[in-house]
Amino acid sequence: MNKNTRLIARLDIKGPNLIKGVHLEGLRVMGSPNEHAHRYYMQGADELIYMDCVASLYGRNHLGDIVRAAARDIFVPMTVGGGIRSVDDVTQILRAGADKVAVNTAAVANPDLIGEISRHFGSQCMVLSVEAKQVGPGRWQVFTDNGREYTGLDVIEWVKKGVSLGAGEVLLTSIDREGTRKGFDIPLVRAVSQAVLVPVIASGGMGEPGDVVDVVQEGGADAVAMADILHYRRATIGDIRAVAKAAGFGVRNYG
Numbered sequence: 092m093n094k095n096t097r098l099i100a101r102l103d104i105k106g107p108n109l110i111k112g113v114h115l116e117g118l119r120v121m122g123s124p125n126e127h128a129h130r131y132y133m134q135g136a137d138e139l140i141y142m143d144c145v146a147s148l149y150g151r152n153h154l155g156d157i158v159r160a161a162a163r164d165i166f167v168p169m170t171v172g173g174g175i176r177s178v179d180d181v182t183q184i185l186r187a188g189a190d191k192v193a194v195n196t197a198a199v200a201n202p203d204l205i206g207e208i209s210r211h212f213g214s215q216c217m218v219l220s221v222e223a224k225q226v227g228p229g230r231w232q233v234f235t236d237n238g239r240e241y242t243g244l245d246v247i248e249w250v251k252k253g254v255s256l257g258a259g260e261v262l263l264t265s266i267d268r269e270g271t272r273k274g275f276d277i278p279l280v281r282a283v284s285q286a287v288l289v290p291v292i293a294s295g296g297m298g299e300p301g302d303v304v305d306v307v308q309e310g311g312a313d314a315v316a317m318a319d320i321l322h323y324r325r326a327t328i329g330d331i332r333a334v335a336k337a338a339g340f341g342v343r344n345y346g
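Under my numbering, think of the first position of the sequence shown as 92, with each following residue one higher.
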């Protein structure tokens, strides 16, 4: 098996601080986002994801300065999400140094935005961010506003629609698993991976390096986004890369 697997560090931001929660709630301040980002970059992260956790509440993304500072000495792709509601918002965040944008709340409110971003910047730039919560056996609903707002949308149907409109990648966050260290929601990741042909990034629940093997082999994920395991220094990107490599995954050589 030689599936190329990207190892992505995820940084959830509130104001100037890196934070971490459980089930997207009970947020704890972890420190400076860019000190952490630089550490993960030096460890060999393939990409970084910055998510402004409260941007949807305030109607705009506040990460421009943080991304601008990161772009000076971090040279891997950066995805930025939270509060992005228009092509103009995307332009601003790309100018700051981002490579891709992740859109959730605004895409649910206005699905046409997915196509607009894709047409202006390319589908590879438009990441559909999906916050999923299980509501029954094999059934998940889409939430927005950092897990606060119930939409009534079925995750699988929404992901199919988002990709058909132009999303080039899916960032799939399990609200049930997020911050729990219990491993990824494999049935969720598998259901989404089988429903669409674009790459799926699994996020939420990574407890140990071996979880990457399960979510790729059993869930079909193309990438994993990690936060808690890195922030609390329970493992490095290098540790996780070694486990992925031992499992036969294609991973970027580093160092």
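The beta carbon of each residue, even a glycine, is placed where N, CA and C say it ideally should be.
- The alpha-carbon separation between H322 and L115 amounts to approximately 15 Å.
- L98 and G243 have their C-alpha atoms roughly 31 Å apart.
- Along the length of the stretch 213–279, whole beta strand (DSSP E) runs at least 3 residues long occupy 217–227, 230–235, 240–245, 260–265, reported in chain order.
- Close CB contacts of S209 within its chain, under the 6 Å cut and outside five residues either way in sequence, are with M217, G257 (chain order).
- With a beta-carbon spacing of about 11 Å, V315 and F340 fall beyond the 8 Å limit used to define contacts.
- Assignment of L204 by DSSP, reduced to helix, strand and coil, places it in the helix class.
- Within the DSSP secondary-structure output, L109 pairs in a beta bridge with I104, G122.
- Taken in chain order, the complete alpha helix (DSSP H) segments of 4 or more residues contained in the stretch 279–311 are 302–308.
- By the 16-neighbour rule on beta-carbons within 10 angstroms, T96 is buried.
- Close CB contacts of A187 within its chain, under the 6 Å cut and outside five residues either way in sequence, are with G155, V158, R159 (chain order).
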